[in-house]
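Everything on this sheet refers to the single structure shown next.
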Amino acid sequence: MAVLADGRQAIQVWDANTGAPLQTLLGGSGSVSDASVHPLSGELVVAGQNTRAWNLTGTPEKWTLRGGGNSSIAFWGSDDWVFAALGSHNAALQKLQPGSPDLLWKPPAGSYRRPSVSADGRFAAIGDPPNNIFAINAKDVLLLRNPGTQIEQAAVFKAPYALTLLRLSPGGDRLATLELKRERADLIDPGTGKPLSRLEGKDVKKFWDLGWLSGGQQLVGLVTAKADRGNPGSEEWIVLWDAATGKVVQTTTNRTAMDVLAVAPDGRRFAEAGADKKVRIRDAATLAVQQEFRAHDGPITALAWHPTKPIMATASADLSVKLWNLETGRLLEELRGVLTVPTELAFSPSGRRLGCAGDGDPTRIWEPEFAGSELNLAGWAKKLTGVPTIAVGSVGLNGDFRSTLSEGMTYQPASLDA
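Everything in the sequence shown is counted per the numbering used here, starting at 2 for the first residue and increasing by one.
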């Protein structure tokens, strides 16, 4: 084990029989006083300033796709087609296969990222968000069509402003855009770039996330209103807009800051989360909370709803990705591997694969395994594959792990003294 200069714990795990490195855990914080591995479950408990439990038998990522500094993730029409990091590109369309994926399409510049795909799998939009809030130049947005045989560029248009977020409607006929400083949001015809309406925002100071509801009839958004977040008088709102007019239909408040949301496949519910580490499932018509559960030890930074099963994927600043049974609120599995804060999660169309992306980290794709060939709705029991004998130590970090640390970052052995 080691404690990095920024206070995070770094733990290297080896197979005790072969000495082969199994995984690196990064995300705990503070000094370490003791560590113990459960002999049956393989769970590791690290005690100290902040006690934390790790599941050492989780599913490893199947693909790690490295590219530009701000990786993206979005599956498009198939479990095998994915927008992900590649070389100098933050998001290039690739076909997943054993070994290295095949390149299908890449944007004209590596800075294009944050793709959005229509629910029917026919269209995808991708933009070129600036890397800082001081940028003022609007850049191109590309609309791609997937006819099932080859990729077609259906349209290209200049965004109305420097943008930070794109959200295609379920049918791909409208595009919600969010301005870089998050002070306005608009609806655009993605085929022509023609503005359709501006989302009404009286008293809104910042827009944080947007999602399409009810088959594209409404939009839901997370906003800070009346004063900037954290200042006296500020309020955290959930807002419903009419997608045809941009007019506010309904609002409700939340006690804590909300940053991310995910809409259920049927558009009748959505999940939202943020600073308080909890996930809330809300009714899309009334905005009432139907379910709430604590999911992480840090702010929640990304959500994804399984396309066919009651499963929610969550990611957090605690550097973990988790899968939850929404019928019980119980944890199904915790996925490892991320080394920076995840900002995007996406399930493939069948739900067989889950992708994760974040600034400064590769795109990672897992294939979580549950009992049988399909998810077990009765018990959600994970298939027993055997627990490897492991060793957790502080004898140093291997070269692969050291290479993931930022240049100039220092680390020191963690003390295990009682």
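Backbone N, C-alpha and C fix where the C-beta goes; we use that ideal spot for every residue, glycine too. These numbers come from a predicted model, not from an experiment.
- A Cβ-Cβ contact shorter than 7 Å links residue 89 with residue 111.
- Counting C-beta pairs with one atom in each stretch, the region 65 to 77 and the region 349 to 367 have three or more that are closer than 8 Å, which means they touch.
- Residue 35 has its alpha-carbon roughly 45 Å from the corresponding atom of residue 288.
- One thing to note: residue 106 has its Cβ within 7 Å of the Cβ of residue 152.
- Counting the other CB atoms within 10 Å of its CB gives residue 130 a total of 16 or more, which places it among the buried residues.
- With 16 or more other CB atoms across the displayed protein chains lying within 10 angstroms of its CB, residue 72 is buried.
- Looking from the CA of residue 38, the closest CA among 15, 157, 127, 262 belongs to 15.
- Note: residue 259 is bridge-paired with 275 in the DSSP secondary-structure output.
- When the five nearest sequence neighbours on each side are left out, the beta carbons in the same chain lying within less than 7 Å of the beta carbon of residue 254 are those of 236, 237, 238, in order along the chain.
- By the criterion of a C-beta distance shorter than 6 Å, residue 192 is surrounded in its chain by 156, once the five residues flanking it on both sides are discounted.
- Nearest Cα to residue 46 within the set 2, 342, 170, 178: 2.
- Counting along the chain, the unbroken beta strand (DSSP E) around residue 313 starts and ends at 312 to 317.
- Distances from the CA of residue 370 to each of 336, 194, 229 were compared; the closest alpha carbon is that of 336.
- In this structure, DSSP gives residue 215 a helical state, which the three-state scheme calls helix.
- Judged by beta-carbon spacing, residue 328 lies within the 7 Å limit of residue 311, meaning their Cβ atoms are closer than that value.
- A distance below 7 Å separates the beta carbons of residue 318 and residue 299.
- Assigned with DSSP and collapsed to three states, residue 152 falls in coil, not helix or strand.
- When rounded, the separation of the alpha-carbon atoms in residue 44 and residue 285 is 38 Å.
- In this structure, residue 308 lies near residue 352, with their beta-carbon atoms less than 7 Å apart.
- Counting of Cβ neighbours within 10 angstroms places residue 104 among the exposed residues, the total staying below 16.
- Taking a contact as a CB-CB distance under 8 Å, the pair residue 194 and residue 158 counts as one, their CB atoms being some 3 Å apart.
- Here residue 281 has 273, 290, 293 as same chain residues with Cβ atoms under 6 Å from its own Cβ, once five neighbours each way along the sequence are excluded.
- Residue 297 sits in coil when the DSSP states are folded into three classes, being neither helix nor strand.
- For the pair residue 197 and residue 126, the CB atoms are not nearer than the 7 Å cut-off.
- Spatial neighbours of residue 170 in its own chain (CB-CB distance under 6 Å, excluding positions within 5 residues in sequence) are listed in chain order as 213, 217.
- Looking from the CA of residue 203, the closest CA among 240, 139, 98 belongs to 240.
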